[in-house]
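Protein chains in written order, with the numbering used here: chain G, 88 to 258; chain U, 111 to 301.
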Amino acid sequence: MYGESKPAGNAPTMYRTDNTFATTFSGPIKKNERLFDTSRNQSMAQAAFQGDTRQYEGQQNKGVQAGGEMAAYRAGIQGDTEAAKGYAQAQQDLLNKMTDSSSADLQFQERLSGERGWVQDMLLDRDETRQRERMSAYKRVADVRLGDYERKIKEAQAAERRKTTILGGLI
Amino acid sequence: MGNINDQVTRGWSPYKGGKPKTPAPLGRGPKQGYENPRFPTIGQKDVKAPAGGYQSIISTAAPLDAGQTNRISDVQPAFKSLGSGSGDRSRTAFAQGVSDTSRNTLDKATDTYQTDYRKQAEKSRSEDVLAQRQNALDRYRQDVFKDLFDEDTRTRLSEGVKDMSQSFETVKRDEQAKRTAMILSFLGSMI
């Protein structure tokens, strides 16, 4: 029944935005932490059950060994061993859950920062595109002024030549 | 031609003398990594860090605190005898032994995880900051390119204006000389 746990974060399964430069990650996606405790309690109960000595006492021998202390001792040791396995498993299980949870934090930080870096790169591209357009306008102004000046210079040169032509006609 | 040309050519005047001297040799170009007074940097001199410096959201702190670590590994021994027989003591010691072993193993596993996590976080943070530095460097390149482009465009305009002013001056002097020659020739023919 614990397999039906939902992610704690309510991450949408569909995403739509009109913002080209917004990040999309909503937060770390983690397992439901409430289930950590219930799962651990279950594991510990299981471990305690595994440590129950009665199931290792087996068939009692006859005679002086029947129900002897040695048999009880062996059963106890066996029970402790099995319980220890269960406890170790419970510990390992909790460690895994906690590491999964913190790994989700790191993964979120990595992915968000990666996306931010990419978005910054895109913003830079956008600004550069705008800047190139403005620089092109700047160059156009220079071209226009130079062209205008060139036309006027040519006219002034032509006027000088005309003066010479007129003088030639006069004399 | 208006004041704009004076501003553009900055006091330049047309050349009227004989054959000019050849220009001075260009000499060595600037060397990378060194300032050169002959070719001073005209734009931004270095990469600027963003306001507040490069920052990363990636934390390199240990992901599990001491309380969480204890919670993972803190398991009571499976058995604690209230008796005083040798079997009881032996069994208690055994239970304590497996518990301690398990705790040590978990502590080591936790420690390994913590160090692996922090190594990974440091690497990721470095990559995050490096990406930001790369963007700052790109921005610097773009700004410097803009400064170069501005200066090149301004120079192209002023040199073009000088070319044409010189060309006008040459034509004007040519035509004046022709007219003078024509008048002299005319006067000569009258003598």
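All residues carry an ideal CB built from backbone N, CA and C; glycine is no exception.
- Residue state for residue 293 (chain U) is assigned as helix, using DSSP reduced to three classes.
- In the DSSP annotation of this structure, the continuous segment of the alpha helix (DSSP H) that includes residue 128 (chain G) starts and ends at 121-137.
- When C-beta atoms of the stretch 153-161 of chain U are compared with those of the stretch 239-258 of chain U, three or more pairs fall below 8 Å, so the two segments count as touching.
- Taking the CA atoms as reference points, residue 285 (chain U) sits about 15 Å from residue 126 (chain U).
- Residues of the stretch 201-230 of chain G with a Cβ closer than 7 Å to any Cβ of chain U, in chain order: 204, 207, 208, 211, 215, 218, 222, 225, 226 and 229.
- The beta carbon of residue 210 (chain G) sits closer than 8 Å to the beta carbons of 108 from its chain, once the five residues preceding and following it are set aside; these are given in chain order.
- Using beta-carbon distances, residue 300 (chain U) does not count as an interface residue toward chain G, since no partner is under 7 Å.
- Judged by pairs of C-beta atoms under 8 Å, the stretch 214-231 of chain U does not touch the stretch 244-264 of chain U, as fewer than three such pairs exist.
- For residue 173 (chain U), the residues of chain G that pass the 9 Å Cβ criterion are 185, 186, 188, 189, 190, 192 and 193, in the order they occur in the chain.
- Judged by their CB atoms, residue 259 (chain U) and residue 222 (chain G) are nearer to each other than the 7 Å cut-off.
- Closest by C-alpha distance to residue 173 (chain G), out of G:161, G:128, G:189 and G:159, is G:128.
- Using a CB distance cut-off of 7 Å, residue 180 (chain U) does not count as an interface residue toward chain G.
- Between the beta-carbon of residue 224 (chain U) and that of residue 174 (chain U) there is about 6 Å, and that keeps the pair under the 8 Å contact cut.
- Taking all protein chains in view, the Cβ of residue 238 (chain U) is crowded by 16 or more other Cβ atoms within 10 Å, so the residue is classified as buried.
- Contacts with chain G (Cβ-Cβ distance below 8 Å) from the stretch 248-275 of chain U involve 248, 249, 252, 256, 259, 260, 263, 264, 266, 267, 270, 271, 274 and 275, listed in chain order.
- For residue 257 (chain G), the enclosing alpha helix (DSSP H) begins and ends at 156-257.
- Taking the beta carbon of residue 255 (chain G) as reference, the chain U residues within 7 Å of it are 292, listed in sequence order.
- Residue 153 (chain U) has its alpha-carbon roughly 50 Å from the corresponding atom of residue 186 (chain G).
- Note that the C-beta distance between residue 258 (chain G) and residue 296 (chain U) is below 7 Å.
- Boundaries of the alpha helix (DSSP H) harbouring residue 181 (chain U): 176-183, taken from the DSSP string.
- At least one beta carbon of chain G lies nearer than 7 Å to the beta carbon of residue 285 (chain U).
- In the three-state reduction of the DSSP assignment, residue 213 (chain U) falls in the helix class, which pools H, G and I.
- Neighbours of residue 122 (chain G) across chain U, judged by C-beta separation under 7 Å, do not exist; the nearest C-beta is about 15 Å away.
- Closer than 7 Å to the CB of residue 242 (chain G) there is not a single CB belonging to chain U.
- In this structure, the CA atom of residue 249 (chain G) is about 12 Å from the CA atom of residue 241 (chain G).
- A distance of 7 Å or more separates the beta carbons of residue 182 (chain U) and residue 231 (chain U).
- With fewer than 16 other beta carbons inside 10 angstroms of its own, residue 235 (chain G) counts as exposed.
- In the structure shown, the three-state DSSP call for residue 142 (chain U) is coil.
- In this structure, the straight-line span from the alpha carbon of residue 122 (chain U) to that of residue 116 (chain U) is close to 8 Å.
- Contact check between the stretch 116-131 of chain G and the stretch 175-184 of chain G: three or more CB pairs, one atom from each, fall below 8 Å, which counts as touching.
- Closest option to residue 243 (chain G), judged by alpha-carbon separation, among U:283, U:261 and U:264: U:283.
- Collapsing the DSSP output to three states places residue 137 (chain U) in coil.
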